[in-house]
Amino acid sequence: EIDLVPIYRDPVHDFGLFRFNPKDVHSTPLEEITLEPEGAVRGTKVVIIGNNGGENISYVESIIASVDRFSDHDPNSFYITCSDTSVGGSSGGPLLNVDGRAVAMISAGYDYMNLGYN
C-alpha cells in the first residue's frame, strides 16, 4: 500500500485524480501513459483497463464504434462509444490503443447494451 492524496474528484464523470510519491512503489515498475486523444478514431482497437465488475484488475478488448457522440446532460463533454462487454467499475481508467497510449478516459457503460462511453 502507498499513501494517496486526493487532488480532484468529478462526481458527474465518476473519476478522481490522486498524487503519490513514486518512490513508495516497490513491487511494480511505473511507466507514464501518453495522452493521445487524436488517436480516438472509429474502428480503432482499444483496451479498457479497470476494475471491471469488481475484479481486482481487468483488461477488456473493444473497438471504437463512434467518435461523435455528445451528451444532452453534459454539453461540455465529448463521448466516444465503444462496443465492449465491460460491466462497470472501470470509470476513470484509461482507454488505450494498441500502442499503449490513452485515447480517452472511461466514463460510463451500459452492460445491457454492451456499450461503453469514454
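Using the numbering used here, the first residue of the sequence shown is number 327, and each one after it goes up by one.
We put the beta carbon where it would ideally sit given N, CA and C, even for glycine.
Keep in mind the model is a prediction, meaning the values are calculated, not measured.
Contact between G419 and I406 does not hold, since their C-beta atoms are separated by about 14 Å, which reaches or exceeds 8 Å. Setting aside the 5 residues that flank it on each side, D329 is surrounded in the same chain by F346, N347 and D350, each with a C-beta closer than 8 Å to its C-beta; the list follows chain order. Non-local beta-carbon contacts of N377 in its own chain, meaning distances under 7 Å to residues more than five positions away in sequence, involve I383, S384, G415 and S416 in chain order. A distance of 9 Å or more separates the beta carbons of I375 and L343. Residue pairing by DSSP puts S384 in a beta bridge opposite G376.
In this structure, A428 and T360 form a Cβ contact; the two beta carbons are roughly 7 Å apart against a cut-off of 8 Å. In the DSSP assignment, A430 falls within the beta strand (DSSP E) that extends over A428 to M431. For R345, the pairing in a beta bridge is given by DSSP as V331.
For D336, the pairing in a beta bridge is given by DSSP as F341.
In the DSSP secondary-structure assignment, I390 is bridged to C408. Under the three-state reduction of DSSP output, P420 falls in the strand class. In the DSSP assignment, L361 forms a beta bridge with A428.
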